[in-house]
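What follows is a set of notes on a single structure, which appears directly below.
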Amino acid sequence: MTANRSFADLVAEGAAAPTDGWDFSWFEGRATEARPSWGYARSAGERLVGARAALDVQTGGGEVLDFALGTAGPDRPDAVAATEGWPPNVARATALLRPRGVVVVAAADDAPLPFADAAFDLVLSRHPVRPYWDEIARVLRPGGTYFAQHVGPASVFELVEYFLGPQPEEVRSARDPERERAGAEAAGLVVAGLRAERLRMEFHDVAAVVHFLRKVVWMVPGFTVEAYEPRLRALHERIGKQGPFVAHSTRHLFDVRKPDS
């Protein structure tokens with residue numbers, strides 16, 4: 001329980017928690033987020049079954065791919081690769097995925113994919129910074145699939161705007177799934193399926209907020225405890241009086257195919 005803990009203790013705890021990888025188990029008991037109904041990691045594992053060669057783009061710490069490979073079991077592809085751009089996550093993903101026979105390649109998020117044309121019949125990604133549709137189309141074999149969960153528009157913006165104030169419409173509408181659909185189609189891909197959901201999040205203490213903003217650094221760029229101490233203190237008091245801070249994440253699921261011809 002954190003209800004009676006001091007602001008200083010909670011902030012210090014959130015500031016000390018490690019931020020590498022995409023394991024969010026630290027938040028257990030102090031923050032919650034509803035999950036999309038489609039169960040991305042499990043569904044990705046089902047897509048791996050029968051694939052010949054697969055690529056996971058921006059794998060983070062490799063946790064989602066590791067789970068998906070476990071779901072696929074012995075029917076997983078023989079050839080699996082992953083890319084990641086943040087050095088601490090490259091090391092973490094390599095340690096986790098190498099025993100599964102996955103090649104992890106350090107590659108900047110905004111760089112061309114370091115693979116040959118038509119190298120994969122399945123490309124996966126969970127929460128890419130943005131989809132590079134031309135590169136995805138290039139590395140997919142004809143008939144191949146891109147299966148990915150993207151962050152949607154204005155995700156967790158209740159928290160973003162608590163710290164930064166109201167955001168302009170062009171910022172709120174970034175990551176719009178219909179714009180991304182248009183980008184996929186412009187690259188010659190066919191969108192076979194697109195689903196979107198808005199999901200409730202709750203932050204039960206200020207430590208969870210501090211850790212979240214340190215981990216998901218693009219939410220409040222340049223966030224530090226020192227820079228936002230007054231807003232953090234006010235949020236701590238608000239949670240104590242009103243209960244959890246509520247926000248909403250947005251997610252959409254792409255099932256995209258490269259035509260056979």
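Position 166, counted from 1, in the sequence shown is what UniProt numbering calls 166; the numbers after and before it change by one each time, with no gaps. Think of the CB as a built atom: it goes at the ideal place given N, C-alpha and C, for glycine as much as any other residue.
Cα-Cα separation between residue i and residue j, rounded to whole angstroms
i      : j      : result
PHE203 : ARG141 : 43 Å
GLU98  : ILE239 : It should be pointed out that residue 98 corresponds to Arg in this sequence rather than to Glu. Approximately 42 Å between the Cα atoms of the pair.
ASP56  : MET219 : 23 Å
THR94  : ASP110 : 20 Å
HIS248 : ARG200 : 5 Å
THR71  : GLY101 : 15 Å
ARG35  : GLY45  : 17 Å
ALA12  : VAL216 : 18 Å
LEU69  : GLY85  : 21 Å
VAL64  : ASP75  : 17 Å
ALA187 : LYS258 : 9 Å
ALA8   : ASP260 : 59 Å
GLU237 : SER173 : 31 Å
PHE223 : ARG214 : 7 Å
ARG233 : ARG175 : 31 Å
ALA227 : TYR162 : 14 Å
THR83  : THR19  : 19 Å
PRO168 : HIS150 : 21 Å
GLU229 : ALA182 : 41 Å
SER6   : ARG47  : 47 Å
ASP134 : ALA116 : 13 Å
ARG231 : VAL160 : 12 Å
TRP38  : GLU28  : 22 Å
PRO166 : PRO221 : 15 Å
GLU158 : PRO88  : 29 Å
LEU164 : LEU235 : 14 Å
PRO244 : GLY73  : 39 Å
PHE24  : ALA119 : 32 Å
Cβ-Cβ separation, residue j to residue i (assumed contact under 8 Å), whole Å
i           : j      : result
GLY143      : ALA196 : Between ALA196 and GLY143 the Cβ distance is about 26 Å, and since that is not below 8 Å, they are no contact.
VAL256      : ALA192 : 7 Å
ILE136      : VAL123 : 6 Å
LEU10       : VAL206 : 5 Å
ALA107      : VAL80  : Contact flag wrong, Cβ pair sits at about 15 Å.
GLY62       : ARG92  : 7 Å
TRP26       : ALA17  : 6 Å
VAL139      : LEU113 : 5 Å
residue 268 : LEU253 : Only positions 1 to 261 of the chain appear in this structure, which leaves residue 268 out of reach.
ARG30       : ALA208 : 4 Å
THR250      : ARG198 : 5 Å
Local Cβ density within 10 Å of residue i, reported as buried at 16 or more and exposed below that
i      : result
ASP121 : buried
ASN4   : exposed
MET1   : Caution applies to MET1, whose pLDDT of 47 falls short of 50 and renders its modelled position unreliable; the model cannot decide the point.
VAL171 : exposed
GLU180 : buried
GLN242 : exposed
VAL49  : exposed
ALA148 : buried
VAL210 : buried
VAL103 : exposed
ALA154 : buried
PRO177 : buried
Candidates the options: closest to residue i by CA position
i      : options                           : result
ASP66  : ASP205, ALA15, ARG126 and ALA16   : ARG126
GLY60  : VAL129, GLU28 and PRO74           : VAL129
ASP78  : ARG42, ALA51 and VAL90            : ALA51
TRP22  : LEU96, LYS241 and SER173          : LEU96
LEU189 : VAL90, PRO131 and ASN89           : PRO131
VAL105 : GLN58, GLY73, ALA118 and ALA119   : GLN58
GLU33  : PRO221, PHE212, TRP133 and LEU164 : PHE212
Curious, which full-length alpha helix (DSSP H) runs of at least 4 residues does the stretch 155-228 contain?
157-164, 169-172, 177-186 and 206-215
Of all the beta strand (DSSP E) runs that stay within the bounds of the UniProt domain "Methyltransferase type 11" (55-147), which reach a length of 3 or more residues?
79-84, 102-106 and 120-126
Which whole runs of the alpha helix (DSSP H) in the stretch 3-36 are 4 residues long or more, in chain order?
7-16
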